[in-house]
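Chemist:
Number of protein chains: 2
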Amino acid sequence: MQELQSKTYPIGTFAKKIGLSASTIRYYEREGLLKSHRDHAGRRYFTNSDIDWVKFLLHLKGTGMRIQELKQYVQWRAQGDATIPDRLALLKETQDNFRQRFREVQHHLEILNDKIAWYEAKERGNVNNQEPFQDYLNRLGHSE
Amino acid sequence: MQELQSKTYPIGTFAKKIGLSASTIRYYEREGLLKSHRDHAGRRYFTNSDIDWVKFLLHLKGTGMRIQELKQYVQWRAQGDATIPDRLALLKETQDNFRQRFREVQHHLEILNDKIAWYEAKERGNVNNQEPFQDYLNRLGHSE
DNA sequence: GTACAACTTAAAGTGGACTTTAAGTCAACA
DNA sequence: TGTTGACTTAAAGTCCACTTTAAGTTGTAC
């Protein structure tokens with residue numbers, strides 16, 4: 001247990017554990033998204049809580065936050081609890097943007113699904129499938 | 001009715017109608033995603049069915065297809081019904097990729113939501129909120 | 001007839017997120 | 001002791017999807 005907590009990893013191992021390249025880790029560090037520890041020879045090493053931290057960053061990144069926004073978030077975090085409202089505002093904005101894009105891509109997917117269904121009908125040689133895709137969409141109420 | 005069908009638009013008007021810039025339209029044309037008609041002076045003009053076409057392309061693009069894939073799709077389309085299986089395969093691959101990423105971003109969102117809730121609890125000054133975020137996630141069963 | 005806006009082209013530039021390169025350091029192993 | 005292999009740095013390069021620039025043409029409005 002103690003051992004697990006205190007385990008450390010060189011950059012290559014760390015990178016593999018989180019599914020990024022060592023170069024990307026260095027890039028993230030340059031951008032201020034994370035900090036590394038250094039051994040006596042100047043080589044980076046990382047801990048299990050660094051893994052948690054990067055995974056969390058990747059979740060935020062996955063909801064659409066850009067590197068600069070993550071950087072801002074990290075800076076606020078370093079400034080202590082006084083910046084919690086700022087951080088919260090940033091995360092909520094991200095959440096809103098995400099929900100907006102979510103609705104949009106759902107509609108894109110609907111059209112993609114419809115097109116696939118339309119092709120499949122056409123491929124099965126449905127005699128009446130001379131119907132143009134736009135008409136088909138209209139019929140489904142999926143146009144626009 | 002006849003009028004609506006035969007209405008044409010210069011590139012600026014067309015661009016506005018579909019929410020792209022005129023430059024982007026020209027870029028898409030260069031990339032082979034669409035064709036324009038030309039007037040006697042060599043200027044592009046577009047029809048209502050061009051609008052439908054670009055909107056459809058944007059739906060595909062919105063599900064994650066890249067310009068080169070859209071180009072491939074357009075080329076197959078120009079080759080006639082013999083390429084329907086190819087087109088269908090491309091669209092289904094897009095659909096699969098989309099579903100995969102969809103699941104991923106849903107998880108990213110879940111973590112974002114949890115983090116927001118955690119900050120809100122902290123902000124409300126919940127006395128017991130010295131709980132680290134990781135522990136909070138574990139408690140919710142949302143870790144990883 | 002001249003000003004103006006909207007168009008035309010080819011080519012260069014941009015932004016974001018990495019990725020690669022070049023040159024070097026270091027520690028462990030045969 | 002010498003050769004790997006993993007690391008170090010700063011800087012340049014890449015990819016994608018546009019966007020901007022520069023120089024020129026055209027149709028309409030005054």
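Same order as they appear, the protein sequences are chains P and R.
In this text, residue positions in the first sequence follow UniProt numbering: the first is 1, and each later residue adds one.
In this text, residue positions in the second sequence follow UniProt numbering: the first is 1, and each later residue adds one.
Virtual Cβ for every residue (Gly too), placed ideally from N, Cα, C.
Whole angstroms are fine: how far does the CA of residue 134 (chain P) sit from the CA of residue 51 (chain R)?
Modeler: One C-alpha to the other measures close to 11 angstroms.
Chemist: Report yes or no: do three or more beta-carbon pairs, one from the region 7–23 of chain R and one from the region 36–52 of chain R, lie closer than 8 angstroms?
Modeler: As far as the Cβ criterion goes, the region 7–23 of chain R touches the region 36–52 of chain R, which means the pair count is three or higher.
Chemist: At a Cβ threshold of 9 angstroms, is residue 60 (chain P) touching chain R?
Modeler: Interface residue, yes.
Chemist: Whose Cβ in chain R lies nearer than 7 angstroms to the Cβ of residue 142 (chain P)?
Modeler: What residue 142 (chain P) touches in chain R: nothing, since even the nearest Cβ is about 10 angstroms away.
Chemist: I want to verify the contact list: residues of chain P whose CB lies under 7 angstroms from the CB of residue 46 (chain R), in sequence order.
Modeler: Those within 7 angstroms of residue 46 (chain R) in chain P number zero; the least Cβ separation is about 16 angstroms.
Chemist: Would you list, in chain order, the members of the region 103–134 of chain P that have their beta-carbon closer than 8 angstroms to a beta-carbon of chain R?
Modeler: From the region 103–134 of chain P, only 104, 105, 107, 108, 109, 111, 112, 113, 115, 116, 119, 120, 122, 123, 133 and 134 have a Cβ closer than 8 angstroms to chain R.
Chemist: I'd like the list of long-range same chain contacts for residue 31 (chain R), defined as Cβ closer than 7 angstroms, with 5 residues on each side in sequence excluded.
Modeler: The residues are 67 and 71.
Chemist: Return the chain-ordered ranges of every beta strand (DSSP E) run that is complete within the UniProt domain "HTH merR-type" (8–76) of chain R and spans a minimum of 3 residues.
Modeler: Listed in chain order, the complete beta strand (DSSP E) runs (minimum 3 residues) inside the UniProt domain "HTH merR-type" (8–76) of chain R are 8–10 and 44–47.
Chemist: DSSP on residue 123 (chain R), reduced to helix/strand/coil?
Modeler: Residue 123 (chain R) falls in the helix class under three-state DSSP.
Chemist: Whole angstroms are fine: how far does the CA of residue 109 (chain R) sit from the CA of residue 98 (chain P)?
Modeler: The alpha-carbon atoms of residue 98 (chain P) and residue 109 (chain R) are separated by roughly 8 angstroms.
Chemist: For residue 91 (chain R), which residues in chain P fall below 8 angstroms Cβ to Cβ?
Modeler: By Cβ distance, chain P contributes 112, 115, 116 and 119.
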